[in-house]
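Which chain is which? The protein sequence lines are U and P, in order.
Letter by letter, the first sequence follows residues 9 to 355 in our numbering.
Letter by letter, the second sequence follows residues 546 to 882 in our numbering.
Every residue, glycine too, gets a C-beta built ideally from N, C-alpha and C.
Computed from a predicted structure; not experimentally measured.
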Amino acid sequence: MANSEYLLQVEHLKEYFPVRAGFSKTIQLKAVDDVSFAIRPGETLGLVGESGCGKTTVGRTLLQLYKPTGGRVVFDGQVVYDSGEQYDENGQLKVDANGKPILGKKVQADMMPLRKQMQMVFQDPYSSLNPRMTVEDIIGEPLDVHKLCKTKAERHDRVMELMELVGLNAEHAMRYPHEFSGGQRQRIGIARALAVNPKFIVCDEPVSALDVSIQAQVVNMFEDLQEKLGVAYLFIAHDLLVVHHISDRIAVMYLGKMMELADADELNDNPIHPYTQSLLSAVPVPDPRTARAAKRIVLEGDVPSPLHMPSGCPFRTRCRYATEQCAKAMPPFTDRGNGHFVACWNK
Amino acid sequence: MSEVKNGNKPQYVLEVKDLHTTFSTDKGGKVNAVNGVSFSLEPGKILGIVGESGSGKSVTAYSIMDILSENGGITGGQVLYKGEDITKWDEKKMATFRGKCCSIIFQDPMTSLNPVFTIGNQLMEAIMLHTDRNKAQAKARAIEMLELVGINEPEKRIKQYPYELSGGMRQRVMIAMALACEPDILIADEPTTALDVTIQAQILELMQDLQKKMGMAIIMVTHDLGVIASMCDEIIVMYGGRVCERGTADAIFYHPAHEYTKGLLRSIPSGSNMKERLIPIGGTPINMLDLPAGCAFCPRCDAAMKICLREQPPELWVGEDHLASCWCNVKSAKEGK
């Protein structure tokens with residue numbers, strides 16, 4: 009299974025959270041349910057979806073910030089997590105006579121050395137930086153944790169180098185986070201993630217909290233850093249135009265399930281899944297003539313509660329093409345040619 | 546704008562003339578959040594006010610409604626509602642203006658609804674306050690309004706509390722409440738920023754529908770150029786508390802004449818520039834405590850000249866229905882002659 013083409017392989021990833029429902033009853037909230045994808049070295053995979061669809065949970069579960077409920081994560085040839093569940097060729101979970109899953113060997117790798125390879129940039133540049141630490145200490149902390157610098161001078165030089173890399177004035181190293189603007193703080197967060205020379209960064213809505221005129225600066229910086237350092241991104245965002253601009257491939261999630269995954273331009277020009285189609289048509293394009301000519305596919309109703317998920321395909325309650333089959337089973341996530349994966353019975 | 550075109554002056558539903566709004570800070574300083582904003586709104590038109598945070602777009606909207614916080618106030622200019630200056634109105638008269646003549650909906654529908662009253666209760670309160678309907682009539686009107694904004698089973702919904710509704714539903718309730726007394730003007734302050742993109746499309750579609758049905762004028766305050774492009778007849782671009790450019794949607798998007806608007810349009814991914822590098826606006830957002838003497842945008846402007854630092858640029862016609870305040874236009878006009 010180990011395929012050296014990919015830096016990160018995620019198979020059948022599941023993340024269920026227990027939710028108290030009454031005095032002694034708990035029910036499972038299936039935040040991420042059977043999600044599979046892979047990322048090549050130096051590639052950007054965009055992950056889009058509405059709030060509550062589980063895109064942030066995917067990012068955090070990959071880094072084992074949450075303990076996964078099931079699935080398998082392979083990073084750079086090393087198994088990071090394996091719940092031992094086994095699947096047949098059709099992607100169905102293998103179960104024994106009692107309906108219990110047949111479990112193989114369970115694996116949970118020591119995360120400490122892996123954190124040098126996999127890092128994260130958070131959405132909110134205001135709450136993800138410790139207000140009592142100077143910028144030098146914030147960026148230097150991962151260097152200390154992983155003992156990457158032997159002397160103080162070496163650490164100082166490395167911090168200066170990182171600050172310049174992300175376009176911060178190195179003279180500001182002794183300042184505190186509150187002295188910086190939102191865009192600059194996001195740069196500090198990125199410098200911190202880059203300190204350990206990772207191969208892979210999960211970017212969780214890194215530009216959503218920034219002003220329009222600052223977003224472009226940060227998007228450009230992500231693209232420049234990738235070119236310079238060859239780092240791969242999982243770029244999570246809800247702004248489809250920004251995701252399209254930065255990503256090589258885009259994955260679309262809905263209620264914890266992967267709906268479509270394709271090359272960025274292919275997904276934009278030729279969306280197959282009805283959810284992707286309506287999502288793309290709902291994006292307000294900053295071009296009055298296109299906006300007037302465009303026909304929006306407006307979805308009826310709201311996203312169902314993840315605690316009471318519809319049977320089968322979760323999107324069927326809002327789908328124009330829904331049939332009986334959609335209520336019975338989740339459609340398989342199949343390749344429709346050129347790596348364009350879609351999970352839909354009718355399209 | 547239309548003054549010039551039509552010759553005779555059309556009846557504006559709202560005119561803002563040289564509005565100045567100032568806030569005092571704890572340290573005794575003054576923040577001039579709005580510095581001489583003027584615009585006029587024709588009945589049944591949708592006007593978009595676009596700008597980044599701190600540009601004064603929301604404060605302009607709040608000044609019209611006179612709902613500024615304690616430390617702020619209008620320090621100059623006029624707000625004319627059908628020709629009457631409402632800045633001179635007393636509190637009692639303003640209370641009849643709000644809701645009946647002009648309503649506002651806010652970004653976050655959770656914090657603008659009262660969590661301890663049912664939505665029916667809150668809707669009926671607004672209706673009974675502004676019209677002489679009795680309780681039963683107000684209830685009938687509330688149900689009618691909920692139906693109008695696309696909420697199913699309105700009889701059941703009016704007994705529910707805000708927490709029982711989703712974000713999109715709450716924003717629909719806010720719109721129902723704002724329109725219950727059939728105001729002439731609806732101010733929408735970032736009405737879809739807190740919503741998901743598919744829900745945003747629903748709400749924008751609903752607002753356009755209702756605008757056609759009820760014929761009110763809408764002032765759409767947002768930072769999202771996409772929302773503005775699909776909704777508005779006319780657009781005002783604000784920066785640093787001033788209007789830097791105004792015109793029709795097509796004029797602003799296809800022939801931007803202010804360096805800030807040009808930069809803004811270059812810096813966003815728009816569908817046509819997906820393969821190209823974005824061209825960001827340099828520098829950091831404006832500090833309202835320390836405004837430059839000249840053009841507010843000049844510290845971040847690539848085309849800045851000496852005069853930009855010293856003096857406010859005049860507002861110049863740059864096309865039919867299109868005005869911009871930029872020294873570059875003055876320069877090119879002089880060179881043209």
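### Task
State the start and end residues of the unbroken beta strand (DSSP E) segment that holds P/D563.
L559 to S569
#### Entry: Test: P/V549 CB closer than 8 Å to a CB of chain U
Unreliable placement is indicated for P/V549, whose pLDDT of 45 sits below 50; the coordinate value is still reported in the next sentence. So no, P/V549 is outside the interface.
### Query
Out of P/Y557, P/N679 and P/Y708, which has the shortest C-alpha to C-alpha gap to P/K627?
Selected option, being the one with the closest Cα: P/Y557.
### Task
Would you grab the beta carbon distance between P/M722 and P/L668 for me? Rounded to a whole angstrom, and I think it's under 8 Å.
5 Å
### Query
Thinking C-alpha only, which one of U/L71, U/E51, U/T142 and U/S319 is nearest U/V129?
U/L71
### Message
For P/L592, tell me which candidate among P/A733, P/D611 and P/K807 has the shortest Cα-Cα distance.
### Response
P/A733
### Task
Check whether the stretch 171-189 of chain U touches the stretch 138-147 of chain U, taking contact to mean three or more Cβ pairs, one atom from each stretch, closer than 8 Å.
yes
### Query
How about P/T567 and P/V561: are their beta carbons less than 8 Å apart?
Against a cut-off of 8 Å, the Cβ pair of P/V561 and P/T567 comes out as no contact.
### Task
Provide the residue span of the alpha helix (DSSP H) that contains P/F642, from first to last.
Per DSSP, P/F642 is one residue of the alpha helix (DSSP H) stretching across E636 to K645.
### Query
Taking three-plus beta-carbon pairs below 8 Å as touching, is the stretch 45-63 of chain U in contact with the stretch 9-29 of chain U?
yes
### Task
Can you say whether U/N276 is buried or exposed, counting buried as having 16 or more other CB atoms within 10 angstroms of its CB?
buried
### Query
At which residues does the beta strand (DSSP E) containing U/A259 begin and terminate?
R257 to Y262
### Task
Report the option in P/H800, P/D795, P/L834 and P/T806 whose CA atom is closest to the CA atom of P/N580.
P/L834
### Query
How would you call U/S91, buried or exposed, if buried means at least 16 neighbouring beta carbons within 10 angstroms?
Buried.
### Proximal residues to P/C843 (C-beta, below 7 Å), its chain only, five neighbours per side dropped
P837, A849, C853 and L854
#### Entry: Own chain, CB closer than 6 Å to P/D563, minus 5 neighbours either side, in chain order
G581, S583 and G622
### Message
Between which two residues does the alpha helix (DSSP H) holding P/F798 run?
### Response
Its alpha helix (DSSP H) spans residues A794 to Y799.
### Query
Would a C-beta distance cut-off of 8 Å place U/M229 and U/A351 closer than the cut-off?
Contact: no.
### Message
On a Cα-Cα basis, can you pick out the residue from P/C789, P/S603 and P/Q705 that is closest to P/I664?
### Response
P/Q705
### Task
Give the DSSP bridge partners of P/P830, in chain order.
Beta-bridge pairing links P/P830 to no other residue.
#### Entry: Segment limits, beta strand (DSSP E) that includes U/E268
Unbroken beta strand (DSSP E) run through U/E268: K265 to D271.
### Task
Determine the extent of the alpha helix (DSSP H) in which U/I280 is found, giving its start and end residues.
U/I280 -> no alpha helix (DSSP H), and no H or E assigned at all.
### Query
Since P/I594 meets chain U, which of its residues come closer than 8 Å, beta carbon to beta carbon?
By Cβ distance, chain U contributes nothing, its closest Cβ being about 14 Å from P/I594, past 8 Å.
### Close-in-space but distant-in-sequence residues of the same chain around U/Y95 (CB under 7 Å, 5 per side omitted)
H20, L101 and K102
### Task
On a CA-only basis, which of P/H867, P/C777 and P/E709 is nearest P/M655? Give me that one, please.
Measuring from the Cα of P/M655, the nearest candidate turns out to be P/E709.
### Task
Can you give me the Cβ contacts of U/N346 inside the same chain, cut-off strictly under 6 Å, excluding the 5 residues immediately before and after it?
none
### Message
Let me confirm a value: P/V661 is counted as buried when at least 16 other C-beta atoms fall within 10 Å, else exposed. Which label applies?
### Response
exposed
### Query
Hey, would you say the C-beta of P/G665 is under 7 Å away from at least one heavy atom of the ligand MG?
The ligand MG is not part of the structure shown, which contains no ligands of any sort.
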